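Structure record follows, encoded as structure tokens.
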Amino acid sequence: MNKKWWQQSVVYQIYPRSFMDTNNDGIGDIRGIISKLDYLANLGIDVIWLSPVYQSPMCDNGYDISDYQAIAPEFGTMEDMDCLIEEAKKRNIKIIMDLVVNHTSIEHEWFKEARSSLDNPYRDYYIWREPTVDGHPPSDMGSVFGGSAWTLDPITNQYYLHLFDKGQPDLNWENPKVREEVHQMMNWWLDKGIGGFRMDVIDLVGKVIDQGITGNGPKLHDYLQDMHKATFGPYDVLTVGETWGATPEIAKLYSDPDRYELNMVFQFEHITMDHDERHGKWMPKKQNPIKLKQVLSKWQTELGNEGWNSLFWNNHDLPRIVSKYGDEGEHRVVSAKMLATLLHFMKGTPYIYQGEEIGMTNVKFEDINDYDDVEIHNFYKDYEPTLFSKEEKMEAIWSNGRDNSRTPVQWSDDKNAGFTQARPWMKVNPNYSSINVLAALEASDSIFYHYKKLIQLRKDYDTIVYGDFKLILPDDPNTFCYMREDDDHRFVVINNLTNQAVSLSLPEEISLSGELTISNYADVVPSNTMILRPYESFVIHQ
Ligand code: TEU
Ligand code: CA
Numbered sequence: 368m369n370k371k372w373w374q375q376s377v378v379y380q381i382y383p384r385s386f387m388d389t390n391n392d393g394i395g396d397i398r399g400i401i402s403k404l405d406y407l408a409n410l411g412i413d414v415i416w417l418s419p420v421y422q423s424p425m426c427d428n429g430y431d432i433s434d435y436q437a438i439a440p441e442f443g444t445m446e447d448m449d450c451l452i453e454e455a456k457k458r459n460i461k462i463i464m465d466l467v468v469n470h471t472s473i474e475h476e477w478f479k480e481a482r483s484s485l486d487n488p489y490r491d492y493y494i495w496r497e498p499t500v501d502g503h504p505p506s507d508m509g510s511v512f513g514g515s516a517w518t519l520d521p522i523t524n525q526y527y528l529h530l531f532d533k534g535q536p537d538l539n540w541e542n543p544k545v546r547e548e549v550h551q552m553m554n555w556w557l558d559k560g561i562g563g564f565r566m567d568v569i570d571l572v573g574k575v576i577d578q579g580i581t582g583n584g585p586k587l588h589d590y591l592q593d594m595h596k597a598t599f600g601p602y603d604v605l606t607v608g609e610t611w612g613a614t615p616e617i618a619k620l621y622s623d624p625d626r627y628e629l630n631m632v633f634q635f636e637h638i639t640m641d642h643d644e645r646h647g648k649w650m651p652k653k654q655n656p657i658k659l660k661q662v663l664s665k666w667q668t669e670l671g672n673e674g675w676n677s678l679f680w681n682n683h684d685l686p687r688i689v690s691k692y693g694d695e696g697e698h699r700v701v702s703a704k705m706l707a708t709l710l711h712f713m714k715g716t717p718y719i720y721q722g723e724e725i726g727m728t729n730v731k732f733e734d735i736n737d738y739d740d741v742e743i744h745n746f747y748k749d750y751e752p753t754l755f756s757k758e759e760k761m762e763a764i765w766s767n768g769r770d771n772s773r774t775p776v777q778w779s780d781d782k783n784a785g786f787t788q789a790r791p792w793m794k795v796n797p798n799y800s801s802i803n804v805l806a807a808l809e810a811s812d813s814i815f816y817h818y819k820k821l822i823q824l825r826k827d828y829d830t831i832v833y834g835d836f837k838l839i840l841p842d843d844p845n846t847f848c849y850m851r852e853d854d855d856h857r858f859v860v861i862n863n864l865t866n867q868a869v870s871l872s873l874p875e876e877i878s879l880s881g882e883l884t885i886s887n888y889a890d891v892v893p894s895n896t897m898i899l900r901p902y903e904s905f906v907i908h909q
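Last residue of the sequence shown: 909 in the numbering used here, with the numbers rising by one and none dropped.
Listed below in structure tokens is the structure:
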């Protein structure tokens with residue numbers, strides 16, 4: 368496999384609304400991102416994945432786009448966007464855009480036209496069905512955000528499909544005009560010099576609704592191959608698809624370079640493995656460290672050379688990883704560093720979500736009105752009232768609600784964490800007085816510098832990017848240990864997943880002699896039989 372820049376890169380995801388506010392309206396903006404580029408360059412990242420900044424009525428914080436070629440006024444202007452691309456480029460940082468083309472906003476011109484009459488030329492841009500004889504929705508398909516996926520539009524008395532909010536009508540990808548419009552729009556952004564696309568719920572665009580097929584439809588890969596040809600094929604860009612249902616076999620279909628589709632996908636098996644079959648993340652199963660190791664190592668080995676992994680713990684839809692697998696209290700710093708090492712030493716392209724690099728945690732708002740997310744509110748209002756009490760719903764939101772990752776970035780211990788001088792659109796996490804960027808930059812042993820070092824190590828050693836992966840002690844429920852090696856180097860990675868001291872006993876054939884590359888405790892004495900302190904983590908270079 369030819370080596371590619373996007374394999375050797377580390378990506379940093381920005382959720383603009385919560386990143387940095389510069390005009391004091393309480394909402395993060397593009398100027399705010401520009402003001403922090405030096406900070407990101409210092410961290411050492413190569414790419415920014417920018418969550419949507421397009422014009423939008425914001426029923427789902429910009430994942431409902433009303434104009435793909437305009438910037439939402441609260442985020443700034445197209446000049447600001449051009450300036451961001453240029454300023455990032457000066458620092459060798461590429462910007463990848465969020466491509467949200469499974470659906471538009473209900474306020475997109477296409478939808479306004481489409482809904483106006485049955486014979487409007489845009490009608491077929493969306494998915495319409497007649498009500499049943501007694502006036503019900505055409506099927507019992509549900510929206511990801513709760514309730515029916517069908518909404519009756521009174522103007523023409525037909526239902527339109529929305530797999531997400533009713534403000535997010537699904538585009539009809541079977542219509543070649545829709546695909547052409549998407550391609551044109553992508554080319555317009557590529558011409559601006561962006562570094563690629565993250566493709567929102569791209570596995571849904573091949574849906575065959577009358578057969579009940581949503582994910583991984585029969586035409587999906589044809590559409591992606593057409594897209595590759597018509598748009599980014601000739602550009603040297605990063606493309607990553609969001610694919611909740613991908614198995615390694617499916618991931619290869621997207622990311623095998625010989626198929627000319629995408630560079631890589633986000634797979635979610637390590638996230639969904641603790642979701643309930645019926646109630647998903649709202650009724651999480653008990654954590655299972657052995658399963659976590661099995662899932663992650665399966666992905667490490669099974670893609671082979673026919674695909675490429677993305678590595679992530681966090682994004683704007685997921686709870687904070689230090690709250691999920693680490694410790695929010697006395698072991699916060701060591702546990703955040705352990706989780707970072709565990710992920711960044713694996714094979715693939717790592718993604719860091721804003722605030723992860725300082726160990727930001729989940730938030731516990733007592734008042735449901737302090738939450739913003741449409742998914743949280745739908746769950747709290749309507750979901751299975753006999754199964755969950757309101758208190759149980761709050762518990763579920765505290766552990767898995769999407770707003771856990773959407774509180775403003777904690778820049779300093781100033782008012783509102785230095786995010787804004789005004790009232791922030793969402794309350795800051797009260798722990799900002801101790802957890803903030805300024806404090807992290809001032810402490811040489813902070814989580815920030817641990818991430819910085821991990822990013823640099825990946826630049827120094829191709830072995831971390833490309834080397835073979837081998838899991839050690841697969842049945843040990845307390846540790847996650849593995850090796851990465853090629854002809855030149857070997858790294859042995861040792862992690863205690865627990866908040867307890869645990870004993871490590873490595874087989875004799877594995878040696879821990881060598882140089883200590885990185886660790887989360889100052890005084891590590893590696894030995895095949897040793898006691899690992901809570902969340903202890905270190906890497907030996909041989
Ligand atoms: O997410 C897809 C998605 O399915 C998530 O909403 C996820 O399933 C949910 O959090 C699980 O409870 C993408 C975006 O990342 C998300 O922010 C958008 O809301 C969604 O698509 C619609 O565009
Ligand atoms: Ca602002």
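Don't be surprised by glycine CBs; every beta carbon is placed ideally from N, CA and C.
Since the model is a prediction, treat every value here as computed from it, not as a measurement.
Report whether the distance from the Cβ of residue i to the nearest heavy atom of ligand 1 is below 8 Å.
i    : result
D567 : yes
N771 : no
V467 : yes
G674 : no
E762 : no
V420 : no
G696 : no
Y833 : no
V511 : yes
M684 : It is worth fixing the name first, because residue 684 is Asp in this sequence and not Met. Answer for D684: yes, Cβ within range of ligand 1.
W611 : yes
Find out if the Cβ-Cβ distance for the pair residue i, residue j is shorter than 9 Å.
i    : j    : result
Q535 : D431 : yes
Y718 : F755 : no
I746 : Y849 : Per the sequence shown, residue 746 should be read as Phe rather than Ile. Not closer than 9 Å, so no.
D567 : V468 : yes
L538 : S510 : no
P775 : N783 : yes
D829 : D853 : yes
L591 : I569 : yes
H637 : W666 : yes
I438 : M448 : yes
For residue i, count the other beta carbons within 10 Å of its own beta carbon; 16 or more makes it buried, fewer makes it exposed. Which is it?
i    : result
K653 : exposed
Q578 : exposed
Q422 : buried
A763 : buried
R790 : exposed
H503 : exposed
K760 : buried
K574 : buried
L670 : buried
D388 : buried
K403 : buried
M445 : exposed
G600 : exposed
V632 : buried
Could you confirm whether any beta carbon from chain B is found closer than 9 Å to the beta carbon of residue i?
i    : result
D388 : Note that chain B does not occur in the displayed structure, where there is just one protein chain.
State yes or no: is the C-beta of residue i nearer than 8 Å to some heavy atom of ligand 2?
i    : result
D447 : no
I638 : no
E733 : no
D396 : yes
T499 : no
Less than 7 Å between C-beta atoms, sequence neighbours within five positions excluded: which residues of the same chain meet that for residue i?
i    : result
E724 : L410, I814, F815, Y818
P424 : D431, S433, S472, E474, G534
L587 : D570, V572, G573
Restricting to Cα atoms, I'd like to know which of the options is closest to residue i.
i    : options                : result
W477 : V468, Y492, A437       : Y492
I831 : D855, P521, N655       : D855
T614 : E454, E541, L557, W675 : W675
L605 : G514, I735, L557, N524 : L557
T716 : K403, N630, I877, M705 : N630
N672 : S870, A618, A707, N681 : A618
L883 : K370, I907, S872       : I907
Y602 : I561, G612, L587       : I561
Q915 : L417, G584, I394       : No answer is possible for residue 915: the residues shown for the chain start at 368 and end at 909.
G514 : D396, P498, D532       : D532
P651 : A806, W373, W765, S886 : W765
Cutting at 6 Å between CB atoms, please list the residues of its own chain near residue i, excluding the five before and the five after it.
i    : result
G785 : W778, S779
R482 : D520, I522
K691 : none
I657 : P844
Considering only residues of the same chain and omitting the five flanking positions on each side of residue i, which have a CB-CB separation below 8 Å?
i    : result
R773 : Y382, R384, S385, N428, H683, D739, D740, M793
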